[in-house]
Structures are given as C-alpha cells and as structure tokens.
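S.K.: The sequence shown begins at -8 in the working numbering and counts up one residue at a time.
Questions regarding the structure given below will be posed in turn.
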Amino acid sequence: MLSDALDIYLNDHLAVLVAERELCQRMEQENEQTPLAGYLQEHRGLCEEGERIVRDLLKSRGANASSLKTTAAWLAEKLGRLKLNGQITGYAPASRVLELEGLTVATQARLMLWRCLSASGVTFAGEPSPDWDELCDQADRQLAELRALQSAAAADAFGDA
C-alpha cells in the first residue's frame, strides 16, 4: 500500500512538473525580447530534468506515469491562458506577474518533492539516485531568483497604480 501511495505522489508531482514546463515555455515565447528570456530557458531545462527524474523513478519502481494526470495538467495550463488580462490582444505586464507567481508555486512544490524523497530515503532500483540535497539547493536558488523577478515585474506592472 505504501508503494502505491508513493507512486500516486510521484504522479501528482509529475503533473505539476508538466504544467510548470508548459507555463515556462509559454512565458519564453511571450518574453523572448526581454531579460527574462534567458532565465525562463534555464528554468524550463530544470523542469524537464525534474520530469525525467520522476519518470525514471516511476519506471525503476515498476510503475507507469499517469497519462491522465499529465494530460489534465497540460490542459489546465492551456485553459489558464484564457483568463482576461485587461487588454484585448497581447501580453499584459500583469500576466507576467501572475505567471511568475505560478512558477514560484510550482518550484516550491518541486522543492518539497525533492525534500520528501530525500527524507524518505527513496532510491532508484539498481542505479544511482540523484543527489536529492543538490536538487533541493537548486530549487531554493530558483525560488530566490523567482522572488526577485516577480518583485521587478510587479513594480513594472503596478508601479504607477
């Protein structure tokens, strides 16, 4: 039963990672002419690495990635694009603020995943496991960077309000 619980937990986090990657990819497209572009490309790479780690861990445990959960997460990110942003077309500065907050929440979830796996002593069957503590440190650094980026975006979007 505990094995099933861990597989469910991993699949839930895999879905969050998929949504995080998709949001990051969308933000890259909307911010390709801004200083944020380089950060977003790096962030997306770390999301992809996280996805690979979780998929490999599930596979090493003899479990499958839930296509239902990952598809639902992919779709939820797409539906999130339909929100009204105060202008008829284009990308609003307020959208950047909210999307950076979304990346912050997803990165915090990823940090908690790595901490959980570290504290639980989860390992890959028959192969070396990632350095969970290094992944935690990496996510902590991302969170600090995201907080700074979100503050700058908020000042840009709402500074004259």
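Backbone N, C-alpha and C define an ideal beta-carbon position, used for all residues, glycine too.
Leaving out five residues on either side along the sequence, give the residues of the same chain with a beta carbon under 7 Å from the beta carbon of SER109.
M.R.: TRP123, ASP124 and CYS127.
S.K.: Using a Cβ-Cβ cut-off of 7 Å (strictly less than) and excluding sequence neighbours within five positions of GLU90, which residues of its own chain qualify?
M.R.: Counting only Cβ-Cβ distances below 7 Å, and skipping sequence neighbours, we find LEU14 and MET18.
S.K.: What residue ranges within the stretch 7 to 73 form continuous alpha helix (DSSP H) runs of no fewer than 4 residues, ordered along the chain?
M.R.: Listed in chain order, they are 27 to 51 and 58 to 71.
S.K.: Applying the criterion that 16 or more other CB atoms from any shown protein chain within 10 Å of the CB defines a buried residue, is THR62 buried or exposed?
M.R.: Label assigned to THR62: exposed.
S.K.: With 16 other CB atoms within 10 Å as the buried threshold, where does ILE44 fall?
M.R.: ILE44 should be labelled buried.
S.K.: Can you give me the start and stop residues for the alpha helix (DSSP H) that ASP131 sits inside?
M.R.: First-last of the alpha helix (DSSP H) with ASP131: 123 to 149.
S.K.: Tell me where the alpha helix (DSSP H) around GLU92 begins and ends.
M.R.: GLU92 -> alpha helix (DSSP H) spans 84 to 111.
S.K.: For the stretch 53 to 68 against the stretch 0 to 13, are there 3 or more C-beta pairs whose distance is under 8 Å?
M.R.: Short answer: they touch.
S.K.: Is THR98 closer than 8 Å to GLN133 when the C-beta atoms are compared?
M.R.: Yes. Within cutoff.
S.K.: Report the residue from GLN20, ARG106 and PRO121 whose alpha carbon sits nearest the alpha carbon of ARG87.
M.R.: Ranking GLN20, ARG106 and PRO121 by Cα distance to ARG87 puts GLN20 first.
S.K.: Does the distance from the CB of VAL4 to the CB of LEU94 come in under 8 Å?
M.R.: Reading the sequence as shown, one finds His at residue 4 and not Val. The answer is no: Cβ separation not under 8 Å.
S.K.: Out of curiosity, what's the CA-to-CA distance linking ASP55 and ARG106?
M.R.: The residue you asked about is not Asp; residue 55 is Asn in the sequence shown. Each residue's Cα considered, the two are about 22 Å apart.
S.K.: Taking 8 Å as the limit between beta carbons, can you name the residues of its chain near ALA146, skipping five residues before and five after?
M.R.: If we look at ALA146 and ignore the five residues flanking it on each side, it has no Cβ neighbours.
S.K.: Roughly how many angstroms separate the alpha carbons of LEU48 and LEU102, rounded to a whole number?
M.R.: Cα-Cα distance, rounded: 16 Å.
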